[in-house]
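Trainee:
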Amino acid sequence: MSSVITAPSPDANGHFGPYGGRYVPETLMHPLQELEREYFRAQQDPEFQRELNYYLRQFCGRPTPLYFAERLTKELGGAKIYLKREDLLHTGAHKINNAMGQILLARRMGKTRIIAETGAGQHGVATATVSAMFGLKCVIYMGSVDCARQELNVYRMKMLGAEVVSVTAGQRTLKEAVNEAMRDWVTNVRGTHYILGTAYGAHPYPVMVRNFQRIIGDEARRQIFEQEERLPNLLIACVGGGSNAIGLFYPFLDDASVKMLGVEAGGEGIIPEKHAARFQGGSLGVLQGTRSFILQDENGQIQSTHSVSAGLDYAAVGPEHAWLRDEKRVEYTYATDEQALSAFMKLARLEGIIPALESSHAVATAIDRVPKMSREDIVIVNLSGRGDKDVAQVAAKVRV
Ligand SMILES: *Cc1c(COP(=O)(O)O)cnc(C)c1O
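Here the sequence shown is numbered in this note's numbering, starting from 29 and rising by one per residue.
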């Protein structure tokens, strides 16, 4: 049995145990407090919930199926595998759940301009999509390295009417894009809302994003009861900032028999600068508004990271995950680039589903664990996104 979390999370100041909080310049304190107040007000408002549910259903395509992966199950010869199909959502990943929630909130707050950061471009596309849909001006910050490796998503954002700012500072990836978005927010805070894309950053972002993503787990819990009349034994999800994983895990946290496994990017192996597995080589620190596990050197300089999947390639992990790990409620492991690529191909060939490279890390871990489990057991793997965006990159690495 796993331990069960009893205290509510986070506390009133956004702390998950020793993690989380709000570490920002003075100029951002006021907008974050305003956001916190308006978010919790909206969360209690049935009209806001009704509107959100309407768009999630009619525009985004919820509920997503919980699909029994029969051939993968047979091939592995262990537990029954179910896939939570977030890949079937509009724009191709779970990111739209949060983007939709936050844009409705921005509208309530009277904001007319939206900004966001993006790594692989999935969150940028989701944000550009909901901005187009509601006719709000949209600016997306993206590292120039990511712009080059995810060119398709850059075009998608531009077609949707967003301005894409290519960020050339530092490592030129996600961390620098977040810095630029925060700088923009400080300058334009009055009319601008910052749609942060994962369960990370200063309070209230981690709790707000989790709550917008928990619909994944709420649906999966209901669906597994419909199909199997019982709880699953294990949940598996990949962990970048941690939003798809916490979205699946959260509604099951009180179910002591349900084990949970978060999968980070092992890259080329656990060697400094060759991976993005914060729980393998990381330590406690503060980055971009929150206190969590961070890949840093002995002087507190943020280390370079590497992963075949841009969406997992970030030096810090969401504070709630750091806390759930301390509490031994969730186990964290990693999958390497090679394992993820192999899982990508296996799912395509056995199930007719091309997963995102991020999600392929969760599939890789299922391939490792499931054969060691009983045929009576049930595993739910979160398929956080589809792999269309990754096709060119995989074709360059794997002979097909
Ligand atoms: C962005 C992304 C991730 C990683 O982000 P989380 O916040 O950890 O979920 C995972 N999968 C896909 C498909 C993504 O686009």
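Built from N, CA and C at the ideal position, the CB exists for glycine as well.
Checking the sheet assignment: what are the DSSP bridge partners for lysine 165?
Mentor: Residue numbering aside, residue 165 sits at position 137 when the sequence shown is read from its first letter. Answer is Arg141, bridged to lysine 165.
Trainee: Are there any heavy atoms of ligand 1 lying less than 7 Å away from the beta-carbon of alanine 273, as far as the coordinates show?
Mentor: Counted from its first residue, the sequence shown places residue 273 at position 245. Indeed, a heavy atom of ligand 1 lies less than 7 Å from the Cβ.
Trainee: Roughly how many angstroms lie between the CA atoms of arginine 249 and glycine 275, to the nearest whole one?
Mentor: Mapped onto the sequence shown, residue 249 falls at position 221. Mapped onto the sequence shown, residue 275 falls at position 247. If you take the alpha carbons of arginine 249 and glycine 275, they lie about 12 Å apart.
Trainee: Among the candidates Val173, Ile109, Asn125, Arg113, whose CA atom is the shortest distance from the CA of glutamine 241?
Mentor: On the sequence shown, residue 241 is found 213 positions in, with the first residue counted as 1. If we check each option's Cα against that of glutamine 241, Asn125 comes out closest.
Trainee: Three Cβ pairs or more, each shorter than 8 Å: is that satisfied between the stretch 194-209 and the stretch 118-134?
Mentor: no
Trainee: Using alpha carbons as the reference points, say which of Val398, Ala424, Arg427 lies closest to isoleucine 109.
Mentor: Stepping through the sequence shown from its first residue, residue 109 is reached at position 81. Checked all of Val398, Ala424, Arg427; the closest Cα to isoleucine 109 is Val398.
Trainee: I need the straight-line Cα distance from glycine 120 to tyrosine 228, nearest angstrom please.
Mentor: Walking along the sequence shown from the start, residue 120 turns up at place 92. Walking along the sequence shown from the start, residue 228 turns up at place 200. Taking the straight line from one Cα to the other gives about 21 Å.
Trainee: Put glycine 415 into one of helix, strand or coil per three-state DSSP.
Mentor: Your numbering for residue 415 matches position 387 in the sequence shown. In this structure, glycine 415 counts as coil in the three-state DSSP scheme.
Trainee: Less than 8 Å separating the beta-carbons of alanine 384 and glycine 346?
Mentor: For this step, residue 384 is matched to residue 356 along the sequence shown. For this step, residue 346 is matched to residue 318 along the sequence shown. It is not a contact, given that the beta carbons lie outside the stated cut-off.
Trainee: Tell me whether the beta-carbon of leucine 60 lies closer than 8 Å to the beta-carbon of histidine 231.
Mentor: In the sequence shown, the residue the question calls residue 60 occupies position 32. In the sequence shown, the residue the question calls residue 231 occupies position 203. At the C-beta level, leucine 60 and histidine 231 come within 8 Å of one another.
Trainee: Can you give me the start and stop residues for the beta strand (DSSP E) that lysine 287 sits inside?
Mentor: Your numbering for residue 287 matches position 259 in the sequence shown. That run of the beta strand (DSSP E) goes 287-295.
Trainee: For glutamate 326, does the count of other Cβ atoms within 10 angstroms reach 16, so buried, or fall short, so exposed?
Mentor: As a working mapping, residue 326 is identified with position 298 in the sequence shown. With fewer than 16 other Cβ atoms within 10 Å, it is exposed.
Trainee: Pick out the complete beta strand (DSSP E) segments inside the stretch 154-214, 3 residues or longer, and give them in chain order.
Mentor: You should have 165-171, 191-195.
Trainee: Valine 235 lies in the beta strand (DSSP E); which residues open and close that run?
Mentor: Locating residue 235 in the sequence shown gives position 207, where the first residue counts as 1. No beta strand (DSSP E) holds valine 235; the alpha helix (DSSP H) holding it covers 233-241.
Trainee: Any heavy atom of ligand 1 closer than 7 Å to the Cβ of alanine 412?
Mentor: Here residue 412 is taken as the residue at index 384 of the sequence shown, counted from 1. Note on residue identity: the sequence assigns serine, not alanine, to residue 412. Yes, Cβ of serine 412 sits closer than 7 Å to a heavy atom of ligand 1.
Trainee: Give the DSSP-derived three-state secondary structure of lysine 112 in the structure shown.
Mentor: Position 84 of the sequence shown, counted from the first residue, corresponds to residue 112. If DSSP states are grouped into helix, strand and coil, lysine 112 belongs with the strands.
Trainee: Work out the CA separation of leucine 352 and proline 38 for me, nearest whole Å.
Mentor: Residue 38 sits at position 10 when you count from the first residue of the sequence shown. Residue 352 sits at position 324 when you count from the first residue of the sequence shown. Each residue's Cα considered, the two are about 11 Å apart.
Trainee: First and last residue of the alpha helix (DSSP H) that includes isoleucine 274?
Mentor: For the purposes of this step, residue 274 is taken as the residue at position 246 of the sequence shown. Per DSSP, isoleucine 274 belongs to the alpha helix (DSSP H) from 271-277.
Trainee: Give me whichever residues DSSP pairs with isoleucine 322 in a beta bridge.
Mentor: Counting from 1 along the sequence shown, the entry for residue 322 is found at position 294. Isoleucine 322 pairs with Ser311, Ala344.
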